[in-house]
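Protein chains in written order, with the numbering used here: chain C, -12 to 339; chain Y, 443 to 701; chain B, 79 to 463.
The beta carbon of each residue, even a glycine, is placed where N, CA and C say it ideally should be.
Since the structure comes first, as structure tokens, the remarks are kept for the end.
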Amino acid sequence: MTPAPFIRCDGIAKSFGTTRVIDNLALDIFKGEFVSLLGPSGSGKTTLLTMIAGFERPTEGGIWLDGYRIDDLAPHKRNMGMVFQNYALFPHMTVAQNVGFPLRMRRMGRADAQARVARALEMVELGAMADRRPSQLSGGQQQRVALARALVFEPRVVLMDEPLGALDKRLREQMQLDIRDLHRRLGLTIVFVTHDQSEALTMSDRIAVFNKGRIEQIDTPAAVYDRPATRFVAEFVGETNMLSGRVADTGPDGTAVDLAGGLRIRVRQPLEPGRAVSVCLRPERLHLGGAGVNVMDCRVTDRVYMGDHLRVALDGAAGPIIARLPRSADTIREGEAVTASFAPEDCWVLAA
Amino acid sequence: MGAIKTVWGILCVLFLMGPLIVVLPIAFNAGGFVSFPIQGWSLRWFAVLFGDPGWRLSIWNSLIVGLASSALATMLGTLAALGLRGRVGVPVVLARMVFLLPMATPAVVLGVGMQLIYARLGLGSTYAGLIIGHAVLSIPFTLLSVTAALASVDRGVERAAASLGAPPPTVLWLVTLPMALPGIVTGFVFAFANSLDEVVLTIFLAGPNQRTLARQMFLQLRDNLSPAIAAAAFTFIIATICIGITGLWLQHRRKRMMA
Amino acid sequence: MIARHLPDLKAAALVLPLVAFLAVFFLWPLASIFTTAVSDTEVSRAFPELGRAIDGWDGQAPTPAMQQALVADIRTTPQATMGDAVRRLNSQTSGFRSLFGRTQQAVARGTGPVDLVALDGRWADPLYWNTIRSALPPYTPRFLLSALDLQQGAEGIEVAGQSVHVQIFLRTLGISALVTGLCALIGVPFAMLMLATTGWVRNVLMASVLLPMWTSVLVRCTAWLIILQNDGVLSRILQTLGGLREAVPLLFTRSGVIIAMTHVMLPFMILSIYSVLIAMPKNLMPAAASMGANPIAAFRTVLLPLALPGIVSGGLLVFMTSLGFYILPALLGGGNDQLISSFVAEYAIRQANWPLASALGLILLIVTVVIFALYQRLSTRMAGA
Chain C
-12 MTPAPFIRCD GIAKSFGTTR VIDNLALDIF KGEFVSLLGP SGSGKTTLLT
38 MIAGFERPTE GGIWLDGYRI DDLAPHKRNM GMVFQNYALF PHMTVAQNVG
88 FPLRMRRMGR ADAQARVARA LEMVELGAMA DRRPSQLSGG QQQRVALARA
138 LVFEPRVVLM DEPLGALDKR LREQMQLDIR DLHRRLGLTI VFVTHDQSEA
188 LTMSDRIAVF NKGRIEQIDT PAAVYDRPAT RFVAEFVGET NMLSGRVADT
238 GPDGTAVDLA GGLRIRVRQP LEPGRAVSVC LRPERLHLGG AGVNVMDCRV
288 TDRVYMGDHL RVALDGAAGP IIARLPRSAD TIREGEAVTA SFAPEDCWVL
338 AA
Chain Y
443 MGAIKTVWGI LCVLFLMGPL IVVLPIAFNA GGFVSFPIQG WSLRWFAVLF
493 GDPGWRLSIW NSLIVGLASS ALATMLGTLA ALGLRGRVGV PVVLARMVFL
543 LPMATPAVVL GVGMQLIYAR LGLGSTYAGL IIGHAVLSIP FTLLSVTAAL
593 ASVDRGVERA AASLGAPPPT VLWLVTLPMA LPGIVTGFVF AFANSLDEVV
643 LTIFLAGPNQ RTLARQMFLQ LRDNLSPAIA AAAFTFIIAT ICIGITGLWL
693 QHRRKRMMA
Chain B
79 MIARHLPDLK AAALVLPLVA FLAVFFLWPL ASIFTTAVSD TEVSRAFPEL
129 GRAIDGWDGQ APTPAMQQAL VADIRTTPQA TMGDAVRRLN SQTSGFRSLF
179 GRTQQAVARG TGPVDLVALD GRWADPLYWN TIRSALPPYT PRFLLSALDL
229 QQGAEGIEVA GQSVHVQIFL RTLGISALVT GLCALIGVPF AMLMLATTGW
279 VRNVLMASVL LPMWTSVLVR CTAWLIILQN DGVLSRILQT LGGLREAVPL
329 LFTRSGVIIA MTHVMLPFMI LSIYSVLIAM PKNLMPAAAS MGANPIAAFR
379 TVLLPLALPG IVSGGLLVFM TSLGFYILPA LLGGGNDQLI SSFVAEYAIR
429 QANWPLASAL GLILLIVTVV IFALYQRLST RMAGA
């Protein structure tokens, strides 16, 4: 028996005036889970988060927390920690006062609160900064204060709204690992909004991919990446080559698909013959050389040196394709004729 | 091109600042005339200014009326700014326009109107009447200043406070108002400066007991020009510079805090 | 449902104190200016009975009912009220005072009906009755008309004998326009100069705008009194520059008033333009130059159009404020340099002629509010853009 969901959103719709930003959305989140809401801006992911936090009310549908419906519950009674996009620290309070704020709201005794604040600041390695003002801290430090503040009162759920968006790349990657680590150590339930697919892939137990107010797919990072449910998911999560074609025949050892360019390739999924399909092929699944089931002759139209790999544009019977090749392929030149191959199990076919 | 610019700039600065600078030394003139050359240096006109019962009363009146009217205007303006915050629509635009209208109304017109109704309300020649009159004129300053301050308070910070367990009145008291405080103080200071400088409405509404410093100066300027006026002007300029520096400091503090 | 409207109710509760305060102490005074300017109860208060009896009169011979109503009014109306009414009627038709004096004496002697025509033949003349009738309506346009040098004649509205107020309105508009023009002329290049400088130079320029603006208008009047004196600083400078033998008179002249008004309003103009210019991207002028525009062309095609909203809104602000100037012309100007506000104050305080003061004030108020509405529209549009 599957456990009851900790947060349950059912039939949620939200309209601002005549614009409908979320439409008939359902999402279950389990205790201790790290769920990312991933999507482009305006896809409704932040709106859903603000509804879970209680700052907006759903126009239709309901939200349950631990079995209780919370639609009418004011934000300050929800006991959820939230980390905001620009941290939303109180500029007129010190770091310690910021972190102590939720404890003060809960009328915790002074000594107790001080100890908790100190521990929370230790956890984010900011023990020495307790008496500073937020404006005296760097972006990364402010981010960690916001994190400590959202965790110090042991909330039932932690909501994060693009918390790493303002940090530079290196710091962001460090913080991703730190947050993932905290999640595991403390057994937190985290709902994390981001538009950065690599961030979602790195951190989450499950990813909900948003598009135009709907969830297109909700699944583990590997499933979202390898078996995207829709063309939108395939293109939004990671880079992909989309090859359009038609199913020729299908059998026990796979399916043959005729691509628009005339090439016949084999894939694993059983499909109904005659259907128009799109074949997703991740650039890193292409190899040079003729060993493999699906082989094609191509010409190199462009090559870009990317440091840890080589990005190569190919043109062949499958149409223009991007390939991501290891550094060992460094010798290939523009205009050179090459043979590229890929395995049937590396193709993922979607209805066109 | 550069030389023309420099000369132009110097001329403009002279035009703007010259009058303020000219007043300063006259206040220390030992002689009885308000003109150059200075006949010797002395503080006697300050002694006259602060020693004369008439001047002293007017200084007290200015402080009382200024503080009371600014407090009233700041309170009303802050409440209204909180109520109008983040609201749109025709009624809100109209309300804002009416609230700012005292700024545009010629003081003489308001003076006539207020005297007409004060005759009925029995507020003529009273402190309360004068304080109310000054507060009406100051409300646009406080409203504008607090509105601007509230606009710069990040909604996210207030939401953060709510998510951390603060009910709405606590959010207002511990987060919104402290963050808007520099703007509220600025509004108060503007209102006070405005009240200090008010003459026209005071002429209509004040009795002999409510004669303010500005009114006293106006009468003296019209009737007999003595260096005591320059001493009063000197005091005014120094007060202005202090207020100005306070204002800049507040602004600087706010910027640093919000950065 | 109540929960959804709660924010609106809260907002209303917060705004309500200010609304109530301004309604009583701001809007009511303005409204009472309006009613004072158009109301005229001097005569109708004195003749309540006659007011009813004269209804439907054909304007020919006076009816007996009207005569007896007049008698009743003379017996019941207090002396002071009647005195005001008679003074007013006499100013319209001379001879009223003597006619009324005789009538009052005769009427006071008895309690019964009085034959007015027998008492004085003039009561048979419809002229006197018509005078009363024309003065009876409680509302009158005559103060507003008089504020514009017009009057109600037999043939409709006509121009009154001498032009007093129109000339002052024109003077007020003219001086305000001149001051606005001067402010723009000095303000535009100065704001651009501020924009072009950096560091301490800009700070000095900024301080020289802000300090005068914050300084009391009275202090600045004091300063200008000292500077403009007949053997004052400026006069001597001009004397030397012009090689003149006589001192140049400046105090209590129009030029002095205009110079000082420009000094008072200039900071507002400069800040209005500067706030628009500073908000514009810094690299527009270099960009224009990189595309081959010489400085003058770049100024004309890039900077000036961008600064225009600031110039216009600053101009409206300066013009609007200048219209209401009172203190400064009173201290620095001569008799011929006073603006409309001075006349409002004069009528109200010295002559206690509240209806005329209100009428003049009402016209000034309407002009100001119209400009203020324009200014508000422009500045909200600018903020929205």
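Buried or exposed (CB count within 10 angstroms, at least 16 for buried), residue i
i, result
"residue 363 of chain B", "buried"
"residue 293 of chain C", "exposed"
"residue 80 of chain B", "Low confidence applies to residue 80 of chain B: its pLDDT is 44, below 50, so where it sits in the model is not reliable, and the reading given next is rough at best. The residue is exposed, with fewer than 16 neighbouring Cβ atoms inside 10 Å."
"residue 235 of chain B", "exposed"
"residue 217 of chain B", "exposed"
"residue 693 of chain Y", "exposed"
"residue 657 of chain Y", "buried"
"residue 690 of chain Y", "exposed"
"residue 71 of chain B", "With chain B represented from 79 up to 463, any question about residue 71 of chain B goes unanswered, as that position is not in the structure."
"residue 267 of chain C", "buried"
"residue 299 of chain B", "buried"
"residue 148 of chain C", "buried"
Boundaries of the alpha helix (DSSP H) in which residue i is found, first to last residue
i, result
"residue 610 of chain Y", "610 to 613"
"residue 168 of chain C", "156 to 173"
"residue 208 of chain B", "204 to 213"
"residue 286 of chain B", "277 to 292"
"residue 665 of chain Y", "655 to 665"
"residue 584 of chain Y", "569 to 593"
"residue 242 of chain B", "It is not in any alpha helix (DSSP H) - residue 242 of chain B carries neither H nor E in the DSSP assignment."
"residue 559 of chain Y", "549 to 563"
Endpoints, the beta strand (DSSP E) within which residue i is located
i, result
"residue 197 of chain C", "193 to 198"
"residue 281 of chain C", "281 to 292"
"residue -5 of chain C", "-6 to 3"
"residue 307 of chain C", "306 to 312"
"residue 298 of chain C", "297 to 303"
"residue 132 of chain B", "No beta strand (DSSP E) contains residue 132 of chain B, which DSSP labels as neither H nor E."
"residue 338 of chain C", "334 to 338"
Within chain B, partners of residue i - CB distance below 8 Å
i, result
"residue 656 of chain Y", "294 and 296"
Amino acids of chain Y, ordered along the chain, whose beta-carbon sits closer than 7 Å to that of residue i
i, result
"residue 287 of chain B", "458"
"residue 89 of chain C", "606 and 607"
For residue i: DSSP bridge partner residues
i, result
"residue 471 of chain Y", "Y/483"
"residue 251 of chain C", "C/245"
"residue 511 of chain Y", "Per DSSP, none; premise fails for residue 511 of chain Y."
"residue 237 of chain C", "C/242"
"residue 15 of chain C", "C/-5"
"residue 274 of chain C", "C/328"
"residue 265 of chain C", "C/231 and C/337"
Residue i: contacting residues in chain B (beta-carbon distance under 7 Å)
i, result
"residue 615 of chain Y", "Those within 7 Å of residue 615 of chain Y in chain B number zero; the least Cβ separation is about 14 Å."
"residue 454 of chain Y", "264 and 268"
"residue 529 of chain Y", "89"
"residue 588 of chain Y", "Ordered by position in chain B, no residue passes the 7 Å Cβ test against residue 588 of chain Y, which lies about 11 Å from the chain."
Listed by chain order, chain Y residues near residue i by CB distance under 8 Å
i, result
"residue 93 of chain C", "607"
Within chain C, partners of residue i - CB distance below 8 Å
i, result
"residue 611 of chain Y", "Going along chain C, no residue has its Cβ under 8 Å from residue 611 of chain Y, so there is no contact; the nearest lies around 11 Å."
"residue 596 of chain Y", "73 and 75"
Contact set between residue i and chain C, taken where Cβ atoms lie within less than 7 Å
i, result
"residue 599 of chain Y", "75 and 77"
Near the ligand GTP: residue i beta-carbon under 8 Å from a heavy atom
i, result
"residue 695 of chain Y", "Ligands displayed in this structure: none; no statement on the ligand GTP is therefore possible."
Chain-ordered chain Y contacts of residue i [CB-CB under 9 Å]
i, result
"residue 40 of chain C", "601, 604 and 605"
"residue 331 of chain C", "Here the premise fails: no neighbours, minimum Cβ distance about 49 Å."
Against chain Y, which members of the region 101 to 114 of chain B pass a CB distance test of less than 7 Å? 103, 104, 106, 107, 108, 110, 111 and 114
Taking a cut of 7 Å between CB atoms, which residues from the region 618 to 641 of chain Y lie near chain C? 620 and 621
Residues in the region 471 to 483 of chain Y with C-beta within 9 Å of chain B's C-beta atoms, listed in sequence order? 476, 477 and 478
Select from the region 293 to 326 of chain B all residues with a C-beta closer than 8 Å to any C-beta belonging to chain Y, and list them in chain order. Under the 8 Å Cβ criterion, the region 293 to 326 of chain B contributes 293, 294, 295, 296, 297, 298, 299, 300, 301, 302, 303, 304, 305, 307, 309, 310 and 311.
If contact means a Cβ-Cβ distance below 7 Å, which residues of the region 246 to 268 of chain C contact chain Y? Residues passing the 7 Å Cβ filter: none.
Which residues, taken in chain order from the region 157 to 173 of chain B, show a beta carbon closer than 9 Å to some beta carbon of chain Y? none
With 7 Å as the limit, tell me which residues of the region 487 to 515 of chain Y have their beta carbon closer than that to any beta carbon of chain B; keep them in chain order. none
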